[in-house]
Structure formats: C-alpha cells, structure tokens
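If you read the sequences in order, they're chains S and G. Numbering-wise, our numbering comes out as the position in the first sequence, counting from 1, plus 25. Numbering-wise, our numbering comes out as the position in the second sequence, counting from 1, plus 25.
There are 2 protein chains.
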Amino acid sequence: MATAATDSYEGKPLTQLFPYEDRPGWKGYIEWEDRLDRKEVVRELLKRREFPHPPEFQFAPLPTTNPVLGGERFKAYHEAIGLNQIVDVSWETVLKEKPNMTHLLQFPYNGETKFEDLMKEKLTDNSLHFVRNHGGVPYIDEDALEISIGGLVKQPVKITMKDLKDSTKFPQAEVTITLQCSGTRRREQIEQYPGDGDELINAPWGEGAIGTAVYKGVPLKQVLKIAAGGVLPECQHIELIGADTYFKKGEVYNYAVSVPYRTVLMNERVLLAWEMNGKPLPKIHGFPLRAVVAGYIGARSTKWLYKINALAEPSMGPVQRQEYLYYTPQLGKQNVTYSNGFSIQDMPVSSAILSPTDKSVIIHDGHIELQGWAYSGGGNWVERVEVSPDGGHVWYQVDPDDMTEKHYYAWRLWKTKLPVDAEGWLEFCVRTWDSSCNTEPTFVRSAWNWDLHVTSSAHRIKVYSVNKMKPATARRLKELAEHGQGMEPLSRPLAFPLENADEYRANYEKHPREPKN
Amino acid sequence: MATAATDSYEGKPLTQLFPYEDRPGWKGYIEWEDRLDRKEVVRELLKRREFPHPPEFQFAPLPTTNPVLGGERFKAYHEAIGLNQIVDVSWETVLKEKPNMTHLLQFPYNGETKFEDLMKEKLTDNSLHFVRNHGGVPYIDEDALEISIGGLVKQPVKITMKDLKDSTKFPQAEVTITLQCSGTRRREQIEQYPGDGDELINAPWGEGAIGTAVYKGVPLKQVLKIAAGGVLPECQHIELIGADTYFKKGEVYNYAVSVPYRTVLMNERVLLAWEMNGKPLPKIHGFPLRAVVAGYIGARSTKWLYKINALAEPSMGPVQRQEYLYYTPQLGKQNVTYSNGFSIQDMPVSSAILSPTDKSVIIHDGHIELQGWAYSGGGNWVERVEVSPDGGHVWYQVDPDDMTEKHYYAWRLWKTKLPVDAEGWLEFCVRTWDSSCNTEPTFVRSAWNWDLHVTSSAHRIKVYSVNKMKPATARRLKELAEHGQGMEPLSRPLAFPLENADEYRANYEKHPREPKN
C-alpha cells in the first residue's frame, strides 16, 4: 500500500529517516523514544492517510483460515512509514521458527499452541510455545547488543551481552516459568459479549495462549545492583524497553512496560534471560535478550530488551498505561478511560479443559477422560483441580498423582477420568484452587470486561455423551455399524427407521398417548 | 438431477406413472395413500440413487443467504421420480405470495415473518404469515375439489366445496387463531446444543414462526355429524390428509396427521377453513381448503385437505407417528425411537422479545422499550407477561394496557418500557403466565430436546446498554459526535485517546496502582 507518494518526507527518503538497521547489527530496530523528531514526522505521515478498520470478527463468525486474521491495519501503519521489511521479516520468522501453530494474527504475530501439543509435557517446546508480539521481529546481533540502564539508578551504565553472560560478573538463575497472555480464552468472552476491538487486534485466543519453559539468565535485581550500583530511594518501578516498533492512535513507540521494584527485589521473579529450555532464545521470543517476569501477565516480559529505566511511577508507554487494563463490567466504549481500569500484573488462578474439545461427541463406557492445564500467578502454586460433569453442581477432585509437579511460577498439567452416567448434551467445567485458596468465578459473565482480558471463569465445554453401557445405546451403535454409519456428524439424520412398526405398536398399546378417561 | 436414465421405470415414463395432474383440476397432487403400487415403484426408484446429505448448519455458521437453505435433498427426491415441476411451482408461489419473508428453506418452503412485520398488528397479514410446508404447493381448482370422509363414520361420504360453503347446509364459524410451528425459536437450541438434522431439514427458525389470523370455515365436528352421520363409538382420532407429497426414509406419502376426537368435539377448535383474514386462503396456505386446529402445533392444521378418516388410533402417517415428538434430554441419536417421545399437540405457554434484537447496542435515557409476543395453546389465554433486565432475577410486569386483547386461541402482542440503569452487556428476558398459571422454564437447557421442538424457555437477548443520563457516557457520546463516529460497530476501536495525559496523571495521583505500604 505504500506508494511512490509516501516514499519520502520533505524530500528525504523514509528509508533514510527511519533506517531499517538503525545501529550496526540491529536490524528491524528504529529508535523512537530518544528521537522526538522522528515521532513527529511519523505523526504527520500517519495523519495523511486513511487506514482500513480492523476486521469485524466479534459480531461475525471467525474466519476459518490460518492465519485467521491478517492485521492489515497494522501492516499499513508500517508501510506508511517505509517499514514494509519489518512486516515481511516477521512472517518469514514465523515460517522458520513457528510453522505448526494456530496463527491467530499474521502481523504483528500472534500464534497459539495447538491443544495436542500443549498437553505433551510440562515444558512447552520452543517451536510450539505461544507468541503474542506487538510489532515485528528485530534481528539483533548478540555481539552488537548493549543494554542501557538509566533513570533513578546510582550509576547509569551500558552493558554488553558478553558481560551479562559472564557468570563471574553476574549470578545466574534458571527458573521454570509459565507465561500467559492475558487474552487466553478470550473467545469465551467474545462469544457471549463482544468487546473492544482495539486497533492492534485483540486476538481471539483460545486455551492455547499459555506455555511453560525453563528460562536462564541473570536476576534483574542483581544487574541493577552490580552494574548500576543500585537504585535511588525514589525508585518504585523498573521500565523495560524493547527494540520492536509499536503504534497507538497515530503515534509510534518502542515497546515499553514496567514492573514494580518490589517485584524485582525477588531474585527469581524478574530475569534478563537468553536461554529458553536450554537453547538460545528463538528470534521470535526475543533473541538475544528478554525480560521474563514470573507470575505476571506475559506483556511485562519485554522481548529484544535493550533499555532499562528506574522510575518513580509506572512506565508511560501505551502498553503499560493504556492497555492491559482490567475494567468493571459497566465500563465500555461509552465511558472507558485509562484510569478507570487497573493494570493487570500478577495473574489470577485459572484453568482449562483441553481434551475433549467443545461440542465433541464422546462414546464411552461410563467414564470420560479429561485433560488440561491449571495455573496461578503471583507465586501462588496450583493446589487442587476440580472437574464437574454437570455445569458446576457436583465437583470431583483430580488425583494429585495425575498432575505434573508443583512449581511456584508454573502451571500443572492434569488429567482425570470423570464418571459419566448421563447421555446427551452435558456441560463439563473445571476450576482450580491455588495455594492462597483462591478459585475461579463460575461463569464467563462474572469475568467479562471491555478489553476481554483474563478469562478466569471456570472453563466450560459442552460434550455430547453416548454411554455404550446403556442397552438402548449399544443396540443403536450396532445398527449404525450395520449401516456403515457413525454417530458423527451428530446432526446428520439416521438413514434407517428408528423402530419397526411392530415394536412401535406394542409400545403404543402399553403406553397410549391419551388418558382413557 | 433427474437424468434420461431415470425418466422411466420398466419402460413406462415417470410422468405417466406419477401424473402431475392426477385428477382433473388437481395439479401438483399425486395419490399415494390409496396406491400401494405407486409407493412400491417409488421405493425402488429411491433405492437406486444416492442423495446429498442435508447441509451441516448446526455445527457451522448459518449461511447469510436468503433463502438460507436450499433443501437440495428434498428437491432431489422429487426429481428422482419425475416431479421437478412440484419443486419449481413451490418457489414460483413463494415469489408471488410471500416475497418479503425470511426464506429459511427454499424447498419445501419454510419462511418466517420479519420481526418488524410481526409486531405491526394483532392479525398477521396473509402475505407475511409464516409458512412451514412439508412438500410442494398443489394447485387445486375449488370446483374440482371433493373431500372424502371415511373410516369409523356412520356414512362414508364425499362433499364438494360448494356444499361445504353453503351455510344452509353447514354452520359456519370465524375464530381468531395463532398458529405456531413447534420449531419456533429453534435457533436458541441449536446455538447451544445441536440436535437432529432430519432429512426434511429442521429449519433454523427464529422468533417469527408464529402468526395470527381470523379463519372462517365449518367446525369439523359439524361436518362429521351432518355429512357422515357422526362417528362410530370406537372412533378416538380424526385423520386429516393433505394433497401434498411427502418423503420419509425412502418412502413416499400424502401428508397425514390426526387430532383426538375429544378436541374435534369443541366446535371452535377444529375448523375446515377457506378464508384467512377475510380473504380466500393463499395457495401456499392450503387453498382451497385446510384444517385449522386452534391451540395445537401448526403441523395438525393440514393444508390442501381432501381426505378425512375417523380412526381408533392416531394416524400412522410419518408426520404424526415419527415426527413432532418431544423427548427427554437424555434421548438422542444414540437411543431415540418413535415411541420414547410423546406427540406434540397442545402448545405450551411461550413468549419472545422481538425488539430490540439480540446483541443490539441501545443508547437510552434510563428506559429501554421492549416489544414482543406471548402465547399459550390448548385454549389457555395469556394472563401476564413479565420482563427482566438482569437475566431473570428481578421481573417487571407488562401493563395490561400495553397488551393486545385476550383470545382463547391467540397470542397477545405487548410492549413495555423497562427501567435500565446499568450499562454494558445486560441480559433481558421475558416469561409469560397463562390462565392455568403455567409459565416458562428459565433456561434453554431446561427445554432442550433432540428434535429441537418447543423452545418454550424464557426468551433471552443480550443488549449493550448505553445510558446517556450518566455524565461519563454523555461526555463520550459528545466526543464520538465530534469525531463523526458512533457507538456502532461496538467493537470498532475509538480513534481518539480515551483520556488526556493531565487527567490521567491527576487520577493516578489520587488512586495510585500500588499500596504505599
């Protein structure tokens, strides 16, 4: 969409104003936060164009394509300022590093782990771990990366990756951490109550926007202390800035969020990490360096980290100030502001049933196997998982032997055999209790919020139960097999009579329709 | 689809075996019930072909076309025995008599009244009244029609339309009657729990498969008495046979159902009618003669009526014996038979909100106007309508001044102004109490049944409430107007900042995110 007319600004080529490799070895990175002059030019350029509206997918059926959504509006922002290459490289990286995902949004890339992959093991393979990016994928040479530390620290400083990884200079840690997009299970909210579309599409996540890995790096607390001499007394928050480019309401930014300094003080909670499951970070996950904030919403775990600021207040970056806010249900398009929602940081307890999937037909012998995940943030661990075969009336505890081990900052995968006698449509649900005795709200309505975050209500699926231990059902299954048919598709009519005329007559005579008198 | 290979059977052309005008002046009628030889040939012909499965629309989004569904399988049955003309004439009749409907199924024709038309007045205009046909539309000359009366009557007889309409021979009656398809509001069941697809598609009806008219005709009781000398003591049911052609599981039939004789004994309950709202019946509604059974499921009101049989048992026709059955929720494809459901005859109390429609955004001043219908069958009339702004917790009675008058056999239209303070997504619902103090089940789940009939649960809609009496909302509406935008589409992001930086800072200082200590 970027035509000849927008190749330049006041005679200067855009590629010169906003170089794709703004520093040697830093491809796909453009400095915005220190360059108000550039921000001003972008503001002007974006004003001159009309951009397509985000596609309507909340009040309409979701496309069945993969990628599900294209992100045309966000692509057009990049194209309007000559950064088409960022768009192209992002998708090339997906095809290389993440070929087997459910691609919810092509650009910026948002991809969800397929459910069968999610259940494979406690640690999610790097190639399968979900990704929620807010911009393109910078390609930064590890040797070229310098991390700047500034703001309310005793000694502003720059450190190289070589120094950071030198275990004689900085103590290292490995922590098992579940990262979760606060949009996980957003589809459930959308189905009942559409909400904010956002210009950077609020992706229609299912149950797969969560994953677990062992991250290796240096605690941020130690970096601040050893490299910068510690923070000044006024410091309350640590801002983390990434090299990716982000747009919001006609302005351009580098990605910026913050974490309270109180959280940083716990060594294991905020790592500057370069390894994921024993391997270098994939590019799409932030290579060469990212923050990983344990127990928090994923959005604070800044990728392609290159700048750290000690602040008295939270970051004023739009991702921190204007997004990932949690609203009461009476707030929406008609009255929502930034300050009437609160910032989502620690994640609440939540869980999901991954198998069976919603609206499945299950032929069983009186037990149905369920599998899923359970997680709580903030350092609370998962204590107990309960499942219900009747929409939340009766609950069965999952045997702890059928759950993966406890971690302070990671999920537990679980499976269980649920006793099921009844046939027809049943509603199964799951709820989890964490180490603080917190559990989940019962219905999606209890959790609904305008920005469609944190779908932490008891996860519900509808299952069509066919209990082959019941004689009438066993007989019908046999008839179906004789006719070369199956139970699915459930709504396809049976091609043979349901009952012969003699049986019908005998039944009618035993139980006539009308009373005798 | 009928190719040269199937134009004939054992050397005889199909058009000769199954003539389109089986009796002079009876077009689109073929006698099946008295012609077992013909039924046998059809059975053979249908066995020789493969027919397309009904389309899957329950587990998939409903097409947004009009007609919504084509009915290809049922068309193919007709084509396979040389009756393409029946298919063509049916649609021509729709275009002539029913051009402004929501056409849910092209063939056999199933069309629903648009909601704004349904609310216009107590009596539904003939051109707008819903239609649920089971086959094509016969074109029968009034002068050529003879109605045969047989079975357990004292004197089998044939009567002409001329005699029937002669008020010196038969007493006439006019009754205001609501007819309702038992599939009304089926969409609500499908959305949560798909069910039987049926080979004659179970149309995805909304709230418009209901309508009211004044029918004029002769009470069936009087016809039996005066023309046939009355029924024999063994008679318990009266079978009503229509001239349309119907298929079920490889067999062909004329449309046949029955009504208990006890019901026929009430003069006003079962009419043989030729007038609808003071005009001759439209062809698509059964011209020249139909039965109208007040208080019953619409399916008993046989169109193109030409044969009446007094029986000891209900009709063995598939529409009576194998369809319109009401099942307990644990019955379905895995175990359903004809005799484990009961026959739907009298209709229960039910109601619907027609305005606003589901998922509307409503800007209001503290009150939202609702409109709808309320009905009960079996001679029970509507006593009270109640609406709830909160999913069924608090109920408000509709003022009787805002309801149309009472009838024994007809609905009441109603409207009300519901006090609404709250903003955001609300769930409104309606329930009705009839003269027997019956009311509706609370949730769709309570009413779900495999054949997806009788969705009599409290009708629920989700509405996004925008209360312009709230200062923050009034301010946002002004901002939207200044930007040339509106509240809809609701999910389209606001293009301007939600709050300026100064306000944000002032709010943050007043209510910081983290505690001080």
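Where is the CB? At the ideal position from N, CA and C, for every residue including glycine. All values reported here derive from a predicted model rather than from experimental measurement.
Looking at the C-beta of residue i, does it have a partner C-beta in chain G at a distance below 8 Å?
| i | result |
| --- | --- |
| Val156(S) | no |
| Tyr529(S) | yes |
| Gln359(S) | yes |
| Tyr363(S) | yes |
| Ala472(S) | no |
| Pro354(S) | yes |
| Lys495(S) | yes |
| Glu81(S) | yes |
| Ala447(S) | yes |
| Asn532(S) | yes |
| Leu70(S) | no |
Residue i bridges to which residues according to DSSP?
| i | result |
| --- | --- |
| Asn279(G) | Thr270(G) |
| Ala298(S) | Gly242(S), Arg315(S) |
| Gly449(S) | Ser490(S) |
| Arg456(S) | Glu411(S) |
| Met428(S) | Trp439(S) |
| Arg157(G) | Asn135(G) |
| Trp51(G) | Arg48(G), Ile165(G) |
Just to make sure I have the definition right: I need the residues of chain G whose C-beta is within less than 7 Å of the C-beta of residue i. Which are they?
| i | result |
| --- | --- |
| Pro339(S) | Arg538 |
If we define contact as Cβ-Cβ less than 8 Å, is residue i a contact residue for chain S?
| i | result |
| --- | --- |
| Leu515(G) | yes |
| Ser481(G) | no |
| Ala27(G) | Caution is warranted here: a pLDDT of 42 is assigned to Ala27(G), below 50, making its placement in the model unreliable, and the coordinate value is therefore given only provisionally. Cβ-Cβ to chain S under 8 Å: no for Ala27(G). |
| Trp450(G) | yes |
| Val162(G) | no |
| Glu465(G) | no |
| Glu97(G) | no |
Considering only their Cβ atoms, is the gap separating residue j from residue i smaller than 8 Å?
| i | j | result |
| --- | --- | --- |
| Pro244(S) | Leu314(S) | no |
| Glu171(S) | Thr185(S) | yes |
| Tyr321(G) | Gln370(G) | yes |
| Lys332(G) | Gly311(G) | no |
| Gly107(S) | Thr40(S) | yes |
| Val374(S) | Ser413(S) | no |
| Arg211(S) | Thr480(S) | yes |
| Trp475(S) | Gly357(S) | yes |
| Val344(S) | Tyr280(S) | yes |
| Gln214(G) | Val469(G) | yes |
| Gln396(S) | Met144(S) | yes |
| Met512(S) | Gln359(G) | yes |
| Thr362(S) | Glu524(G) | yes |
| Ala447(S) | Ser385(S) | no |
Residue i touches chain S at which residues, Cβ-Cβ below 7 Å?
| i | result |
| --- | --- |
| Lys384(G) | Phe84 |
| Pro285(G) | Glu539 |
| Arg501(G) | Gln359, Asn360 |
| Met491(G) | According to the sequence provided, residue 491(G) is Val. The question's Met does not apply to it. Those within 7 Å of Val491(G) in chain S are Gln359. |
I want to verify the contact list: residues of chain G whose CB lies under 9 Å from the CB of residue i, in sequence order.
| i | result |
| --- | --- |
| Thr498(S) | Gln359, Asn360 |
| Gly222(S) | Pro514, Leu515, Ser516, Arg517, Pro518 |
| Lys487(S) | Gln217, Tyr218 |
Find the residues of chain S that neighbour residue i, judging by a C-beta separation of less than 8 Å, and give them in chain order.
| i | result |
| --- | --- |
| Arg346(G) | Tyr529 |
I want to verify the contact list: residues of chain G whose CB lies under 8 Å from the CB of residue i, in sequence order.
| i | result |
| --- | --- |
| Phe521(S) | Lys274 |
| Glu524(S) | Thr362, Tyr363, Ser364 |
Applying a beta-carbon distance threshold of less than 9 Å, which residues of chain S neighbour residue i?
| i | result |
| --- | --- |
| His78(G) | Pro514, Arg517, Pro518 |
So if I threshold CB-CB distances at 8 Å, which residues from the segment 120 to 135 of chain G count as touching chain S? none
Please list, in chain order, the residues of the segment 366 to 381 of chain G that have any C-beta partner in chain S closer than 7 Å. Phe367, Ser368
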